[in-house]
Amino acid sequence: MSSIFAKAAVLTCLAAPAALAQSPAGVGMVAPGAPAALSADEQLWASIRAMESSDSPAGLSAPDRFAWHSERSRQVLARARAYQSLYPGGPRRDDAVELELAKLFELITGTGLPASELCARAERVAAGAPSRRALHEAEYWRMICDVERRRGAARAVAAPAAESAVGGGTTSPGGGVSGGPQVPSVAPRKAASVLDRDAELLGAYADYVRRFPDSRRTPRLAQVLFEDAAARSDLGDMRAMAVLLGPSDSLALRSAAATLRRFETIGRPLWVTFRDSASGDPIDTRKWVGSDVLVVVWAGFDAEARAAVATVEQARASDTGLRVVGVNLDAPACEGQRAARELGISWPQWNDGLGWAGAFSQEWGIREVPFILRLDAEGRLAGFYSGADAARRAVPPR
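Reading the sequence shown from the start, the letters are residues 3 to 400 in the numbering used here.
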């Protein structure tokens, strides 16, 4: 499966159907229990939803279950198309368009159906879209197809050049090159994360959300673009994407607001106050003005976080001017206290027992450990660091 379609599988958040309905695939089937008063178009739509929610027979082997799912997707696809043909102005028309394109995508990624079928259908829908909603969906899949097409063309151009570079030979089944100098085999590249930076795809997303800010696809694409802007510390792009993330109470928007708060606090005072989870003593970093302070967000269950804690403790032990406080995400809190004893640290620790849902993580948009905030001697936020080398980067130079 092409990498662009693999990314689309994750980023579009399409729920895979459960299984093939056990009833025949006749277009006129009425869903079990459907009220008799339903109009013909609603009866058809009810049959589609019933098929979508049906479960496969118990006891199937994994290959048979996969075949069942694939056949069910084909039948749902046929009914979605039938709905559009029979009821072009029906109230479920746009749902049927979305479902048809989604099922084509499922069959491409799951059964090897040629991607050209989805791409051609998206082109036809976009050219004569019956509504803006249908246009949004068609243009989304056109975008995915266009990126893949460009990449396919680039691969086709690159292949002869690669052969020429090793003497014009052909690749042998064993991975060597016949008819030219032998070159050492190259280890396969580690699988990339969905969020690894992909400039071409990100550019396509940015163009899509600019053209269709009201699309149902836009909040998820804007979230990817927001995270990319955060990685580049581009506040302007972060703010532009934040307004596209959905309702004010959405998790994505709350997370984006917390991340923005972090960036906007750089260079401003940040006072951390809490009670030590073990002793109950009050902690207030305002009392430490004049010293650099590290706020280490960590968890005993994470190996990188434990390594960061050890690195910070080594720096603290050799620098009497460095203050450290911990925000521990272990749940229950006693697990964090046990990890602190194992690591031999005695810094004040805050743990509200809520793990990732804790107040500090939510307020500052923290989604990974280790995560370290550095306050300068004036109490201002000087920077924040995450990842395996967070401690090395966060410890102030002496």
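Every residue gets a Cβ at the ideal spot worked out from N, C-alpha and C, and that includes glycine.
Within the continuous beta strand (DSSP E) that includes residue i, where are the two ends?
{"i": "V329", "result": "324–330"}
{"i": "Y387", "result": "383–388"}
{"i": "R376", "result": "373–377"}
If you compare alpha carbons, which of the options is closest to residue i?
{"i": "I146", "options": "V159, A158, E125, A160", "result": "E125"}
{"i": "E306", "options": "E150, A224, F373, D66", "result": "F373"}
{"i": "M240", "options": "G346, V226, L253, S250", "result": "V226"}
{"i": "I202", "options": "E315, L272, R151", "result": "In the sequence as displayed, the identity of residue 202 is Glu instead of Ile. Minimum Cα distance to E202 is reached at R151."}
{"i": "R400", "options": "A156, W366, A317", "result": "A317"}
{"i": "G328", "options": "L345, T322, S320, D321", "result": "L345"}
{"i": "A258", "options": "V326, L375, A242, G282", "result": "A242"}
{"i": "L79", "options": "D97, S63, A64", "result": "D97"}
{"i": "W366", "options": "L383, R308, E337, P350", "result": "L383"}
{"i": "A309", "options": "D391, T220, G154", "result": "D391"}
{"i": "S72", "options": "E139, G292, P284, G112", "result": "G112"}
{"i": "L247", "options": "I50, E266, R218, R234", "result": "R218"}
{"i": "S250", "options": "V299, P221, G282", "result": "P221"}
{"i": "L88", "options": "G381, D378, L46, A333", "result": "L46"}
{"i": "E141", "options": "P116, E100, A84, F228", "result": "E100"}
{"i": "M53", "options": "R74, S293, E266", "result": "R74"}
{"i": "T322", "options": "P334, D294, T313", "result": "D294"}
{"i": "A260", "options": "R234, E229, W352", "result": "E229"}
{"i": "E370", "options": "Q339, T313, F303, S320", "result": "F303"}
{"i": "E315", "options": "Q77, R343, R234, L356", "result": "R343"}
{"i": "Q77", "options": "K105, D57, A129", "result": "K105"}
{"i": "G292", "options": "D378, A10, L103, E102", "result": "D378"}
{"i": "W352", "options": "A64, T267, A161, V299", "result": "V299"}
{"i": "A335", "options": "T313, D43, L356", "result": "L356"}
{"i": "S133", "options": "E102, P90, A64", "result": "P90"}
Is it buried or exposed, residue i, if we count other Cβ atoms within 10 angstroms and call 16 or more buried?
{"i": "G169", "result": "At G169, the pLDDT of 47 sits below 50, so the modelled position is not reliable; the number obtained from the coordinates is stated separately. G169 should be labelled exposed."}
{"i": "W273", "result": "exposed"}
{"i": "V311", "result": "buried"}
{"i": "S363", "result": "buried"}
{"i": "L120", "result": "buried"}
{"i": "P19", "result": "Residue placement at P19 cannot be trusted, given a pLDDT of 35 that sits under 50; the coordinates are not used to answer."}
{"i": "P350", "result": "buried"}
{"i": "W358", "result": "exposed"}
{"i": "A155", "result": "exposed"}
{"i": "L253", "result": "exposed"}
{"i": "R376", "result": "buried"}
{"i": "E108", "result": "buried"}
{"i": "E380", "result": "exposed"}
{"i": "R394", "result": "exposed"}
{"i": "R325", "result": "buried"}
{"i": "V159", "result": "exposed"}
{"i": "E266", "result": "exposed"}
What separation, rounded to the nearest whole angstrom, lies between the Cα atoms of residue i and residue j?
{"i": "S118", "j": "D148", "result": "11 Å"}
{"i": "Q2", "j": "R94", "result": "Residue 2 is absent from the structure shown; the chain starts at 3 and stops at 400."}
{"i": "T209", "j": "R135", "result": "The sequence shown places Asp at residue 209, rather than the Thr named in the question. The straight-line gap from Cα to Cα measures roughly 17 Å."}
{"i": "P190", "j": "S279", "result": "With a pLDDT of 32 at P190, under the threshold of 50, the predicted position of this residue should be treated as unreliable, though the coordinate-derived value follows. P190 and S279: Cα-Cα distance of roughly 47 Å."}
{"i": "G360", "j": "L331", "result": "8 Å"}
{"i": "R212", "j": "R256", "result": "22 Å"}
{"i": "S41", "j": "G92", "result": "11 Å"}
{"i": "A69", "j": "L223", "result": "31 Å"}
{"i": "P271", "j": "R264", "result": "12 Å"}
{"i": "R144", "j": "S281", "result": "59 Å"}
{"i": "A231", "j": "F276", "result": "32 Å"}
{"i": "A301", "j": "V397", "result": "19 Å"}
{"i": "E337", "j": "S348", "result": "15 Å"}
{"i": "A48", "j": "P59", "result": "21 Å"}
{"i": "A82", "j": "G114", "result": "20 Å"}
{"i": "R157", "j": "Y207", "result": "22 Å"}
{"i": "V297", "j": "G269", "result": "16 Å"}
{"i": "A341", "j": "D354", "result": "16 Å"}
{"i": "D286", "j": "V245", "result": "34 Å"}
{"i": "R67", "j": "I110", "result": "17 Å"}
{"i": "H138", "j": "F214", "result": "7 Å"}
{"i": "A122", "j": "R153", "result": "17 Å"}
{"i": "L262", "j": "L237", "result": "8 Å"}
{"i": "Q339", "j": "S235", "result": "34 Å"}
{"i": "A233", "j": "R199", "result": "9 Å"}
Is residue i near the ligand SAM, with its Cβ less than 7 Å from a heavy atom?
{"i": "A384", "result": "Absence of the ligand SAM is noted for the structure shown, with no ligands found whatsoever."}
Output the boundary residues of the alpha helix (DSSP H) element that contains residue i.
{"i": "F228", "result": "220–233"}
{"i": "A392", "result": "392–396"}
{"i": "F362", "result": "361–366"}
{"i": "L204", "result": "201–213"}
{"i": "S118", "result": "117–129"}
{"i": "A39", "result": "Note, A39: premise wrong, no alpha helix (DSSP H); not H, not E."}
{"i": "G238", "result": "237–244"}
Can you find a CB in chain B that lies within less than 8 Å of the CB of residue i?
{"i": "R76", "result": "The displayed structure is made up of one protein chain only, and chain B is not part of it."}
message = At 3 residues or longer, what runs of the beta strand (DSSP E) sit wholly inside the stretch 252–338?
response = 275–277, 284–286, 294–300, 324–330
query = Can you list, in chain order, the stretches of the alpha helix (DSSP H) that have 4 or more residues and sit fully within the stretch 50–114?
reply = 64–88, 95–113
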